[in-house]
Each structure stands twice: as C-alpha cells, then as structure tokens.
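According to this note's numbering, the residues represented by the sequence shown are 25 to 199, in order.
Here a beta-carbon is modelled for each residue, glycine too, at the ideal position from N, C-alpha and C.
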Amino acid sequence: MYMTIFERLSAAGYKLTAPRRRILDVLRMSEAPLTALEVAARSGVSVASTYRALALLADLGAVSETSDPCAERAAGQTALATAPVELAAAAVDDARGRRYAICTATGHHHHFTCRACHATLDVSSAALETALAEIEQATGVRIERHDIALGGLCAACQRTARRSAEDDTMTEERA
Ligand SMILES: [Zn+2]
Ligand SMILES: [Zn+2]
Ligand SMILES: [Zn+2]
Numbered sequence: 025m026y027m028t029i030f031e032r033l034s035a036a037g038y039k040l041t042a043p044r045r046r047i048l049d050v051l052r053m054s055e056a057p058l059t060a061l062e063v064a065a066r067s068g069v070s071v072a073s074t075y076r077a078l079a080l081l082a083d084l085g086a087v088s089e090t091s092d093p094c095a096e097r098a099a100g101q102t103a104l105a106t107a108p109v110e111l112a113a114a115a116v117d118d119a120r121g122r123r124y125a126i127c128t129a130t131g132h133h134h135h136f137t138c139r140a141c142h143a144t145l146d147v148s149s150a151a152l153e154t155a156l157a158e159i160e161q162a163t164g165v166r167i168e169r170h171d172i173a174l175g176g177l178c179a180a181c182q183r184t185a186r187r188s189a190e191d192d193t194m195t196e197e198r199a
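Given below as structure tokens:
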C-alpha cells in the first residue's frame, strides 16, 4: 500500500513526507471516513497542511474524497464567520460534509458513499468505462476526465433498515 502511494507520489514529483505519512496512517487506522479537521486533529499536522495533503492524495487517487449532499444543503455560514482565515477553507469542506478515506483499489475506480454510515466503497466497472468510450466515438469528443459519484445505502445499512422494518411489522401485528 505504502509502496503504491509512494510510487504515485514520486511519479508526480512529490515525496512521502512525514506529515503525509502521518495523514495516511490516520486514514488507514480509521474505520469510517474522516473530515479534514478530524484528520488534522488525529495526525497532529496543521489544518492548512492537512488540507493541502488531502487534496494532493485525492488527486493521485490514493485517497477518496466524498461529500455528503445532505450536509452540503444543511451547511450554514454561522461556523465560518468566526473561523480564522487559514481555517476557513477546511471549515467550508467540513461544513459540506466532505470526508476522506484511504483507497483500497489501486487502478482507476469510482466511489460509492453510504448516506447512513458515510462508509465509502471503491467500485469499478469495465462496462462503465466502455460506455464512456462509446460516447466519445458517437459524439467525437475526447473525454479527459470524468467524475462519477455513487450514493445510497451500503449492504450493512440495508440489513439494519430491513431489520427495523421487520420489527415495526411485528409490533403492528401484535397490536
Ligand atoms: Zn478509492
Ligand atoms: Zn452504510
Ligand atoms: Zn471511470
């Protein structure tokens, strides 16, 4: 894993610095995706540096960056009015519910985010990539990048939802 990230960093002209390594360790140890402020607090790296490192690692595909559309809608400006200027960028991200997780997939892939537990899953589909190539051929455009974010309920949360629905039915039948 480190090897892969290290290779990707050096190929892009970057080094696996101590702060970047600490940030990766924090993400690897966490069971759930973390916000930039949580990563900064746990790694002891400054908020500004954490924010830059996460953006770089996400660019290189070592880390997934997902945002919660519900949190994004609910996010107000209240917290930002009092935040120091250097914290503002990261605070905006946290307010939008942007979270980071380590990528288990090494090649090109996309992310599924569970709206209930915020777990992210690396997903890839050859058929999906083929469909994009077909779009290129049909339209004559050259697709240089694509962002496909999948959202919904993960398998575990679907089971929890089913169980509580069954419990409700049983309560109703007894009543
Ligand atoms: Zn990923
Ligand atoms: Zn879930
Ligand atoms: Zn793709």
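CA nearest to the CA of residue i, picked from the options
i    : options                   : result
A36  : L58, D49 and T28          : T28
A129 : T74, T137 and S88         : S88
L121 : G131, T137, R166 and C181 : First, the amino acid is wrong: residue 121 is Gly here, not Leu. When only C-alpha atoms are compared, the closest one is T137.
A180 : T144, L80, G131 and H133  : T144
L174 : S149, V50 and R44         : S149
Straight-line gap, residue i to residue j (C-alpha atoms, nearest Å)
i    : j    : result
L78  : A56  : 16 Å
V147 : A189 : 28 Å
V69  : I47  : 8 Å
R32  : L84  : 7 Å
A140 : G131 : 27 Å
G164 : T41  : 42 Å
Q101 : A162 : Residue placement at Q101 is flagged as unreliable, the pLDDT there being 42, under the threshold of 50; a coordinate-derived value is accordingly withheld.
F30  : L80  : 13 Å
I167 : L156 : 8 Å
H170 : E158 : 14 Å
A72  : C127 : 22 Å
S54  : R187 : 27 Å
Endpoints, the beta strand (DSSP E) within which residue i is located
i    : result
I126 : R122 to I126
A140 : A140 -> no beta strand (DSSP E), and no H or E assigned at all.
Backbone secondary structure at residue i - three-state DSSP
i    : result
T41  : coil
S88  : strand
L177 : coil
Extent of the continuous alpha helix (DSSP H) to which residue i belongs
i    : result
V63  : A60 to S67
E153 : A150 to T163
D83  : V71 to D83
I29  : Y26 to A35
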